[in-house]
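Visitor: Residue numbers (this note's numbering): 6 to 198.
For every residue, glycine included, the Cβ atom is placed at its ideal position computed from N, Cα and C.
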């Protein structure tokens, strides 16, 4: 769940779609759970200057304590098979979770099912329609529109999975992931609250 975001001088949310230089910064959580930007405390003056440089005069990083904020659904899940089929750095897709050991584009058949990883169960809602973000190289921030053209042509414009939490839990690198049939999910037109 996003609790911190960049706002412009008028208080509107700013994203990398309009300010791609934001992609040059990396958010993590410190040992105490406090947000870090490029390894520095999110409220530091240095981070503040970096946010202005990336997002424009008046931009600032703010904490938001309202309802969840996300682009489509809370989680984006990708598989190594689909990433390999795309042939580009997985960071272009910006997934929250990458599942290894999946052949080809098997994820395309997972809509309406669920994934169990450790104690967590994740509902698979739909394939993600891709916007301009995968066109940006995660290291150089240079844009290559042929990436999106290829996603449109070879993946019908949709790559990776829009997902939501059914049962929360900590997932660790290397946890086995089980694909589960949950027919009730196929009947939903929108994700569970």
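Am I right that residue 95 and residue 104 are in contact with their C-beta atoms under 8 angstroms? What's the rounded C-beta distance?
Guide: That belief does not hold up - the Cβ atoms of residue 95 and residue 104 are roughly 11 angstroms apart, past 8 angstroms.
Visitor: Under 8 angstroms between the Cβ atoms of residue 41 and residue 51?
Guide: Not a contact, by the Cβ cut-off of 8 angstroms.
Visitor: Please name the residue, chosen from 129, 37, 10, that lies closest to residue 56 on a Cα-to-Cα basis.
Guide: Here the closest residue by C-alpha is 10.
Visitor: Residue range of the beta strand (DSSP E) that residue 170 falls in?
Guide: Element bounds for residue 170: 163-172.
Visitor: Ignoring anything shorter than 4 residues or poking outside the region 92-174, list the alpha helix (DSSP H) runs there in chain order.
Guide: Whole alpha helix (DSSP H) segments, 4+ residues: 151-160.
Visitor: Under the criterion of a Cβ to heavy atom distance below 7 angstroms, does residue 171 qualify as lining the ligand MG?
Guide: As for the ligand MG, it is missing from this structure, which has no ligand bound.
Visitor: Tell me the rounded alpha-carbon separation between residue 22 and residue 147.
Guide: Residue 22 and residue 147: Cα-Cα distance of roughly 13 angstroms.
Visitor: Thinking just about the alpha-carbon of each residue, which of 158, 121, 20 is nearest to the one in residue 175?
Guide: The shortest C-alpha separation from residue 175 is found at 121.
Visitor: When you compare each of 111, 61, 144, 168 to residue 18 by their alpha carbons, which one comes out closest?
Guide: If we check each option's Cα against that of residue 18, 61 comes out closest.
Visitor: Hey, would you say residue 135 sits closer than 8 angstroms to residue 164, going by beta carbons?
Guide: Yes, the Cβ-Cβ distance between residue 135 and residue 164 is below 8 angstroms.
Visitor: For residue 183, list the residues DSSP reports as bridge partners.
Guide: According to DSSP, residue 183 bridges with 121.
Visitor: Can you list, in chain order, the residues of its chain with a C-beta nearer than 7 angstroms to that of residue 171? Leave out the 5 residues immediately preceding and following it.
Guide: Closer than 7 angstroms at Cβ, skipping near neighbours: 119, 126, 127, 128, 197.
Visitor: Could you tell me whether the Cβ atoms of residue 133 and residue 66 are closer together than 8 angstroms?
Guide: Contact: no.
Visitor: Which value, in whole angstroms, describes the spacing of the CA atoms of residue 156 and residue 93?
Guide: Distance between the alpha carbons of residue 156 and residue 93 is about 11 angstroms.
Visitor: According to DSSP, is residue 54 helix, strand or coil?
Guide: In this structure, residue 54 counts as helix in the three-state DSSP scheme.
Visitor: Report the rounded CA-to-CA distance for residue 186 versus residue 90, giving the unit in angstroms.
Guide: Their backbone Cα atoms lie some 25 angstroms apart in a straight line.
Visitor: Do residue 64 and residue 29 have their CB atoms nearer than 8 angstroms?
Guide: Taking 8 angstroms as the Cβ cut-off, residue 64 and residue 29 do not qualify as a contacting pair.
Visitor: With residue 65 as the anchor, note down where its beta strand (DSSP E) starts and where it stops.
Guide: Residues 65-68.
Visitor: In the DSSP output, what is residue 84 paired with across the bridge?
Guide: According to DSSP, residue 84 bridges with 104.
Visitor: What is the rounded straight-line gap between the Cα of residue 192 and the Cα of residue 181?
Guide: Residue confidence for residue 192 is low, a pLDDT of 44 falling below 50, so the modelled location carries little weight and cannot support an answer.
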